[in-house]
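Okay, so here's the structure we're looking at.
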Amino acid sequence: MYKFYLLLATALPLTQAARLFLSTTDGWDNSNIRSLFNLLDATTDHELILCAPDLQSSRRTRPIFEQLEEEPMDEDERDERDERDAALLIEHEELTFHDHDLLTDDEFQWSDNDDSSPEGWDPLHNKERQMQPREYWPWGFNISDFRLNYVPFRHGMFFAVREGVERLTHLYQQRAGERPTRIEENSKRPIPRHPDLYLFGPKNSSSFVDDQRTDKALTTVRSLASSQHRPTIYFAGPSGPYVNSTLYSPPLVSKIYAELAKTITQALTGHEGHKYLYRNTFLRVNFPRVDTTYQRCTDVSQFKFILTSHSKDDQTYRHNEKWCGEPGFPYEKAVVEREDGCYVAMTLEDISKRSKREPQPQKNARKHIIDRLSSLWTCLPEALKEPGGSSS
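For reference, each letter of the sequence shown is one residue, going -17 to -1, 1 to 375 in mature numbering (1 follows the signal peptide of the UniProt record, and there is no 0).
The following block contains the structure:
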């Protein structure tokens, strides 16, 4: 049975509830994203929508990226190539939102007669409300839960995010006490209620800064953070094949990654105010491998959260205070690949800095995320650290 969000919201402070939009390149029915959706739905009062491509509409079972032989390039040439490729991909996918994207609820005038009671807006309250997905959503959805939606594979995740926000948020995301969504003048489409936070993944492979050419999800994340200023967390992990959640029970790795992603999400949204992340930044999270054969990293209690950098020589605090006794943050790839611990690498990326030689966010942005997620952070053991803040 569906939960009624307004009733659940009374159990927790309103500041802890958020509109969350979930998507992935691995398919709307992938066990990783479905496990995260189901866990958040069952244990939190967040308002959820999931919209992603349907891999079954493609002849491929999952995205395949060809690794082409490349001529040697220096760092400047690689930076120019990566920026050019990202711009072309964004242009091809047409990730654009309407002008009213940046408007707030306060900019619209409401009537005192508008009904803001649960019966007035809950999408699952009556039959008429349940028929609206067919009116506003021309692609596919789960007939048992209208919050689960998909677009054809060929359209990609850019399209899924754009259309999901434009067409679905006014149906399924509305907080207690808010006025019902109005229809735009001279338009049949209601004004969308934009998510407080995007959650992408967990992706079925790691996502480091060097993967930006082949990782379409990473391009989507950067576009949202830079042009739409939407707080975003991008989860990824090396474990697990593609598993259709509608046919099989979720594997252990999906359950563990979902628990870890929920822990991070709750820590980020569990404070007053909705400034989850600094403008032009997003949080990229890489989980370590879950090895059921050797029983390594098979319990959530084994994992530690490390604030990392995508630079091997991060010197953020060289002229300021130190972090964990070092002038910088450890290298994300080295942290997540350690074999003597289960370390979650969490890197704050600054979209305004395209060059790999200057990847660090501003100090204020990092200070904000340090304070916001203060309950999570752990320092690497001394044996794992090298001078300069990077791990071996």
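Even for Gly, the Cβ is constructed at its ideal location relative to N, Cα and C.
Beta strand (DSSP E) segment containing residue i, residue limits
i           : result
Gly184      : 180 to 186
Ala328      : 325 to 333
Ala317      : Here Ala317 belongs to no beta strand (DSSP E); instead the alpha helix (DSSP H) covers 315 to 319.
residue 388 : In the structure as shown, the chain starts at -17 and stops at 375, and residue 388 therefore has no counterpart that could be examined.
Any non-hydrogen atom of the ligand MG closer than 7 Å to residue i Cβ
i     : result
Gln39 : For the ligand MG, the structure offers nothing, since it holds no ligand at all.
Run of the alpha helix (DSSP H) containing residue i, from where it starts to where it stops
i      : result
Asn227 : First-last for Asn227: undefined, no H or E at that position.
Ile126 : No alpha helix (DSSP H) contains Ile126, which DSSP labels as neither H nor E.
Arg205 : 199 to 206
Ile352 : 346 to 355
Thr152 : 139 to 155
Cα-Cα separation, residue i to residue j
i           : j      : result
Gly308      : Glu320 : 22 Å
Asp296      : Val192 : 14 Å
Thr27       : Glu322 : 33 Å
Pro135      : Asp12  : 13 Å
Ile32       : Lys316 : 31 Å
Ile353      : Tyr181 : 20 Å
His29       : Gly324 : 32 Å
Thr152      : Thr361 : 36 Å
Val204      : Leu23  : 21 Å
Tyr259      : Leu243 : 18 Å
Phe288      : Thr330 : 11 Å
Leu251      : Ser14  : 24 Å
residue 384 : Lys238 : What the structure shows of the chain is the stretch from -17 to 375, and residue 384 is not part of that stretch, so it cannot be assessed.
Glu149      : Arg279 : 42 Å
Arg301      : Ser292 : Model confidence at Arg301 stands at a pLDDT of 49, short of 50, so the residue's coordinates are unreliable and nothing is read from them.
Arg130      : Tyr240 : 21 Å
Ala(-1)     : Arg267 : 22 Å
Gln39       : Tyr119 : 22 Å
Leu19       : Asp9   : 14 Å
Glu201      : Asn227 : According to the sequence as given, residue 201 is Leu; it is not Glu. Going from the Cα of Leu201 to the Cα of Asn227 covers about 23 Å.
Arg349      : Asn132 : 34 Å
Arg213      : His177 : 9 Å
Arg355      : Ala328 : 16 Å
Ile216      : Leu290 : 14 Å
Phe265      : Ser188 : 19 Å
residue 413 : Tyr277 : In the structure as shown, the chain starts at -17 and stops at 375, and residue 413 therefore has no counterpart that could be examined.
residue 381 : Tyr326 : Outside the modelled stretch of the chain, which goes from -17 to 375, sits residue 381, for which no answer is possible.
Phe141      : Ser284 : 35 Å
Residue environment, residue i, which counts as buried when at least 16 other CB atoms sit within 10 Å
i      : result
Trp347 : A small correction: the amino acid at residue 347 is Asn; Trp does not occupy that position in the sequence shown. Its Cβ having fewer than 16 others within 10 Å, Asn347 is exposed.
Arg2   : buried
Thr248 : buried
Val144 : buried
Arg42  : Summary for Arg42: the model assigns pLDDT 44, below 50, so the residue's position carries little reliability; its value from the coordinates is reported in the next sentence. That one is exposed.
Pro121 : exposed
Glu49  : The pLDDT assigned to Glu49 is 34, lower than 50, so where the model puts this residue is not dependable; a value taken from the coordinates is nonetheless given after this. Exposed: under 16 other Cβ atoms inside 10 Å.
Glu255 : exposed
Ser357 : exposed
Glu365 : exposed
Arg137 : exposed
Leu363 : buried
Ala208 : buried
Asp282 : exposed
query: Going along the chain, which unbroken runs of the beta strand (DSSP E) with 3 or more residues stay wholly within the segment 4 to 43?
result: Runs of beta strand (DSSP E) with 3 or more residues, each lying fully within the segment 4 to 43, are found at 30 to 37, listed in chain order.
query: Is the segment 270 to 281 close to the segment 212 to 231, with three or more CB pairs under 8 Å?
result: With a cut-off of 8 Å on Cβ pairs, the segment 270 to 281 is in contact with the segment 212 to 231, counting three or more such pairs.
field: Continuous beta strand (DSSP E) assignments of at least 3 residues falling wholly in the segment 222 to 289
entry: Within the segment 222 to 289, the complete beta strand (DSSP E) runs of at least 3 residues are 264 to 269.
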